[in-house]
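Student: Going by this note's numbering, the final residue of the sequence shown carries number 270, and the count climbs one at a time with no gaps.
The C-beta atom is built at its ideal place from N, Cα and C for all residues, glycine as well.
Source: prediction; values computed, not measured.
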Amino acid sequence: METTVQYKQLDSFGRFMALARKQFCENRKAIVMRTLIFWGAWMGIGLINGLFSSGDPHAVIGMYIVFGMITWIVVASMVFSSMKSKGGRLNTLMTPASNADKYWVAFFSVFVGGFLLIAIAYPMIEIGRNIGSLIMFHEFAGFYWPQDELFSSSWSAFIRNAVIMSFILSTYFFGAVKWPRLSFLKTSGIWVALIFVFAMLLGGTVSYMITHGYEVEWLVSYTVRFWIIIGAVFAGTVFFCWLTYYTFKKQYVIGR
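#1: Distance check for Cys-39 and Ile-62, CA to CA, integer angstroms please.
#2: Are the CB atoms of Ala-190 and Ser-197 within a distance shorter than 7 Å?
#3: Could you tell me which of Thr-219, Ile-182 and Ser-123 sits nearest to Ala-249, measuring between CA atoms?
#4: Hey, would you say Gly-58 sits closer than 7 Å to Arg-143, going by beta carbons?
#5: Pick out whichever of Ile-134, Phe-240 and Lys-36 has its Cα sitting closest to the Cα of Trp-169.
#6: Would Arg-35 be called buried (16 or more neighbouring beta carbons within 10 Å of its own) or exposed?
#7: Beta-carbon separation of Arg-42 and Asp-115 under 7 Å?
#8: Could you compute how far the alpha carbon of Ser-112 sits from the alpha carbon of Tyr-186?
#9: May I have a chain-ordered list of the alpha helix (DSSP H) segments no shorter than 4 residues that lie completely inside the region 115–164?
#10: Give every residue of the same chain whose Cβ lies closer than 7 Å to the Cβ of Leu-257, excluding the five residues on either side of it in the sequence, and list them in chain order.
#11: Rounded C-beta distance between Val-74 and Gly-128? I'm assuming under 8 Å.
#12: Does the beta-carbon of Tyr-78 have 16 or more other beta-carbons within 10 angstroms, so that it is buried, or is it exposed?
#13: Quick one: any contact between the region 218–227 and the region 151–162, if contact means 3 or more CB pairs under 8 Å?
#14: Count the other CB atoms, across all protein chains shown, that sit within 10 Å of the CB of Val-124; report buried if there are 16 or more and exposed otherwise.
#15: Please classify Ala-120: is it buried, with 16 or more other beta-carbons within 10 angstroms of its beta-carbon, or exposed?
#16: Does Ala-111 come out as helix, strand or coil in the three-state DSSP assignment?
#17: Note down, in chain order, each residue of its chain lying with its Cβ closer than 7 Å to the Cβ of Trp-193, except the 5 sequence neighbours on either side.
#18: Could you tell me whether any non-hydrogen atom of the ligand GDP is closer than 6 Å to the CB of Trp-169?
Here it is, written out as structure tokens:
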């Protein structure tokens with residue numbers, strides 16, 4: 015009761031920080047251990063690269079991008095893992111905090127915490143690569159910043175990649191609260207099914223157009239089409255983030 019009263023006396027940012035601190039302290043061992051293992055694994059990959067690939071930084075960038083994205087998606091899928099069991103759901107729902115505060119802690123854990131986890135992994139690769147280069151070739155390889163590989167060569171490509179990744183994360187974020195058990199596999203299964211259906215429909219449409227001699231004539235420029243698509247994908251991201259909050263709040267009401 016005293017904890018609840020003290021919590022209500024805090025301002026919105028203070029409540030958010032108090033809840034974030036509480037959740038981190040409760041899961042500190044698992045969070046720190048998994049983070050160190052993840053960064054250590056990438057440092058090891060960088061070390062191997064420095065020892066056996068003449069210190070070429072391009073050799074592991076593709077691997078880093080692919081597995082970094084997968085890791086980020088897994089983080090989004092696990093953000094509500096405490097709600098897998100009845101006891102975990104009860105503990106989450108009965109925490110003396112508002113639904114909004116709980117939601118925003120989960121949101122920032124995925125979109126900010128996940129980003130930092132992946133972003134800091136790359137310097138770990140470079141540290142390992144330089145250590146390997148010093149051991150094998152007795153020279154410092156230097157720090158390589160993969161601007162073109164990670165951020166693309168143009169702002170439009172960077173915005174496109176960021177918006178698409180945010181949309182993908184938002185779907186796994188929703189899946190995490192919708193079905194906490196095996197969330198990654200279930201959401202991935204839906205993605206695979208949707209991609210398959212879309213590919214079949216697109217392939218059938220293109221085949222029909224080619225067979226009957228139809229041609230596509232765009233009524234707007236490439237720039238306009240680009241921003242329309244970006245806006246639609248961003249709107250989808252906002253929708254899934256809102257749907258995640260709505261689903262979480264609904265489960266809270268049902269749980270009570």
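Tutor: Concretely, from the data shown:
#1: Within the sequence shown, numbered from 1, the residue matching residue 62 stands at position 48. Within the sequence shown, numbered from 1, the residue matching residue 39 stands at position 25. Going by the C-alpha atoms only, they are around 35 Å apart.
#2: Along the sequence shown, read from residue 1 onward, the residue named residue 197 stands at position 183. Along the sequence shown, read from residue 1 onward, the residue named residue 190 stands at position 176. Taking 7 Å as the cut-off, the beta carbon of Ser-197 is found closer than this to the beta carbon of Ala-190.
#3: Stepping through the sequence shown from its first residue, residue 249 is reached at position 235. Nearest option by C-alpha distance: Ile-182.
#4: Counted from its first residue, the sequence shown places residue 58 at position 44. Counted from its first residue, the sequence shown places residue 143 at position 129. It is not a contact, given that the beta carbons lie outside the stated cut-off.
#5: Counting from one through the sequence shown, the residue named residue 169 turns up at place 155. Comparing Cα-Cα distances from Trp-169 to each of Ile-134, Phe-240 and Lys-36, the minimum goes to Phe-240.
#6: In the sequence shown, counting from the first residue as 1, residue 35 sits at position 21. Counting Cβ neighbours within 10 Å, Arg-35 comes out exposed, since fewer than 16 surround it.
#7: Counting from 1 along the sequence shown, the entry for residue 42 is found at position 28. Counting from 1 along the sequence shown, the entry for residue 115 is found at position 101. Taking 7 Å as the Cβ cut-off, Arg-42 and Asp-115 do not qualify as a contacting pair.
#8: Sequence index remark: in the sequence shown, residue 112 carries index 98 (1-based). Sequence index remark: in the sequence shown, residue 186 carries index 172 (1-based). Those two C-alpha atoms are separated by around 23 Å.
#9: The alpha helix (DSSP H) runs lying completely inside the region 115–164 and spanning 4 residues or more are 128–151, given in chain order.
#10: Here residue 257 refers to the residue found at position 243 of the sequence shown. Closer than 7 Å at the Cβ level, and outside the excluded window around Leu-257, lie Phe-188.
#11: Here residue 74 is taken as the residue at index 60 of the sequence shown, counted from 1. Here residue 128 is taken as the residue at index 114 of the sequence shown, counted from 1. Between Gly-128 and Val-74 the Cβ distance is about 20 Å, and since that is not below 8 Å, they are no contact.
#12: Reading the sequence shown from its first residue, position 64 is the one you call residue 78. Buried.
#13: Result no; under three Cβ-Cβ pairs closer than 8 Å.
#14: Position 110 of the sequence shown, counted from the start, is the residue given in the question as residue 124. Val-124 is buried by the Cβ-count criterion.
#15: Within the sequence shown, residue 120 is the residue found at index 106, counting from 1. By the neighbour-count rule (16 or more Cβ atoms within 10 Å), Ala-120 is buried.
#16: By one-based count along the sequence shown, residue 111 stands at place 97. In the structure shown, Ala-111 sits in coil (DSSP, three-state: anything other than H, G, I, E or B).
#17: Within the sequence shown, the letter at position 179 stands for residue 193. Lys-200.
#18: As far as ligands go, the structure on display features none, and thus does not contain the ligand GDP.
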